[in-house]
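Here's the structure, in structure tokens; my notes come after.
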Amino acid sequence: MLTLNYDTLTVTAATQIQKDLRDDIVIQARNFPVNIIAGADISFNKFSTTVYAGIILIRFPELIPIGYSLIKKEVLFPYVPGYLAFREASALMGAWEQLPLKPDLLVVDGHGIAHPRGMGIAAHFGVLAKTPAVGCAKKVLCGKYEEPSSEKGSSTPLIFKNEVVGAALRAKNAVKPVFVSPGYGMDVPGTVEIITQCVGRYRLPEPTRLAHNIVNRFRLGEVPEGYTEV
DNA sequence: GCGACAG
DNA sequence: ATCTTGTCGC
1 MLTLNYDTLT
11 VTAATQIQKD
21 LRDDIVIQAR
31 NFPVNIIAGA
41 DISFNKFSTT
51 VYAGIILIRF
61 PELIPIGYSL
71 IKKEVLFPYV
81 PGYLAFREAS
91 ALMGAWEQLP
101 LKPDLLVVDG
111 HGIAHPRGMG
121 IAAHFGVLAK
131 TPAVGCAKKV
141 LCGKYEEPSS
151 EKGSSTPLIF
161 KNEVVGAALR
171 AKNAVKPVFV
181 SPGYGMDVPG
191 TVEIITQCVG
201 RYRLPEPTRL
211 AHNIVNRFRL
221 GEVPEGYTEV
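Right, dumping it as structure tokens:
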């Protein structure tokens with residue numbers, strides 16, 4: 001069992017952890033089938049140290065939910081841009097270990113290697129859980145990109161330090177793009193491909209959207225903690 | 001020193 | 001991230 005606790009960490013210490021974990025990142029073409037994909041997200045009340053984490057399992061490519069793991073946890077590390085994992089990964093790990101079966105690929109709300117030190121939450125979590133992961137964010141953290149054409153499915157490379165670290169992906173016509181990047185066990189083209197296949201009728205790909213949805217309902221007391229099969 | 005800054 | 005009313009467009 002892997003319990004993460006970043007409560008007493010300083011940002012300086014967190015930076016060192018990111019640099020250490022960076023050596024364990026594996027970026028490569030996907031070499032496994034995806035039958036179950038998962039979405040991970042966090043929800044919390046403003047100014048509260050209680051975070052609600054959730055992971056939803058989804059059959060792929062049908063995009064039908066099969067179950068979700070929800071857990072509540074106290075977290076002291078604040079939100080600091082570039083250090084999201086130190087606030088959210090601990091609770092996510094709780095939800096992860098509560099899963100009766102693991103997904104083939106995890107989609108995390110946030111960035112993968114499209115990060116100042118190449119260690120966004122999707123990479124951070126993927127390395128620690130030793131599981132394939134990609135990041136899907138609503139906003140850029142670092143890097144530059146050309147606006148993708150307005151038609152759904154178009155994408156442009158996200159470049160940071162002269163390196164392609166991800167992509168801006170137009171999931172739907174005439175809506176803002178989402179930013180995807182590999183986290184662990186995936187590469188940029190493979191990440192764009194699979195996320196594209198996860199788009200339903202909304203801007204956010206289903207794993208991210210459904211995870212956000214269920215964890216929010218959990219925070220509001222509409223669904224119970226633990227694992228629920230659907 | 002000045003902006004930018006995942007959730 | 002969360003809260004919130006109204007407005008625009010398919």
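Per the UniProt record's numbering, the first sequence starts with residue 1, numbered consecutively. Cβ atoms here follow ideal geometry from the backbone N, Cα and C, with glycine treated the same way.
Quiz item: With DSSP run on the structure shown, which of helix, strand or coil describes Pro157?
Solution: As a working mapping, residue 157 is identified with position 157 in the first sequence. Correct three-state label for Pro157: strand.
Quiz item: By DSSP, does Val164 sit in helix, in strand, or in coil?
Solution: Here residue 164 is taken as the residue at index 164 of the first sequence, counted from 1. In the three-state scheme derived from DSSP, where H, G and I count as helix and E and B as strand, Val164 is classed as strand.
Practice problem: Compute the Euclidean distance between the alpha carbons of Cys142 and Glu62, then round it to the nearest angstrom. | Solution: Within the first sequence, numbered from 1, the residue matching residue 142 stands at position 142. Within the first sequence, numbered from 1, the residue matching residue 62 stands at position 62. If you draw a straight line from the Cα of Cys142 to the Cα of Glu62, it comes to about 33 Å.
Practice problem: Please report how far the alpha carbon of Leu76 lies from the alpha carbon of Gln16, in whole angstroms. | Solution: For this step, residue 76 is matched to residue 76 along the first sequence. For this step, residue 16 is matched to residue 16 along the first sequence. Taking the Cα positions, Leu76 is about 19 Å away from Gln16.
Exercise. Would you list, in sequence order, the uninterrupted beta strand (DSSP E) runs of no fewer than 3 residues that lie entirely inside the segment 86 to 130?
Key: Listed in chain order, they are 105 to 109.
Quiz item: Can the beta-carbon of Leu169 be found closer than 8 Å to that of Ile195?
Solution: On the first sequence, residue 169 is found 169 positions in, with the first residue counted as 1. On the first sequence, residue 195 is found 195 positions in, with the first residue counted as 1. In this structure, Ile195 lies closer than 8 Å to Leu169 by Cβ.
Quiz item: Applying the criterion that 16 or more other CB atoms from any shown protein chain within 10 Å of the CB defines a buried residue, is Phe160 buried or exposed?
Solution: Walking along the first sequence from the start, residue 160 turns up at place 160. By the 10 Å Cβ count, Phe160 comes out buried.
Practice problem: Could you pull the start and end residues of the beta strand (DSSP E) that Ile25 belongs to? | Solution: If you number the first sequence from 1, residue 25 lands on position 25. Ile25 -> no beta strand (DSSP E), and no H or E assigned at all.
Quiz item: Among Thr3, Pro65, Phe60, Phe218, which one has its Cα closest to the Cα of Ala89?
Solution: Here residue 89 refers to the residue found at position 89 of the first sequence. With distances taken between Cα atoms, Ala89 lies closest to Thr3.
Quiz item: Which class does Arg59 belong to by DSSP, given the choice of helix, strand or coil?
Solution: Along the first sequence, one-based indexing puts residue 59 at 59. In the three-state scheme derived from DSSP, where H, G and I count as helix and E and B as strand, Arg59 is classed as strand.
Quiz item: Do the segment 3 to 14 and the segment 51 to 66 meet, that is, are 3 or more Cβ pairs less than 8 Å apart?
Solution: Too few Cβ pairs lie closer than 8 Å, so no.
Quiz prompt | Range of the contiguous alpha helix (DSSP H) that encloses Lys20 | solution = Within the first sequence, residue 20 is the residue found at index 20, counting from 1. The question names Lys, but residue 20 in the sequence shown is Asp. Segment 11 to 21, the alpha helix (DSSP H) holding Asp20.
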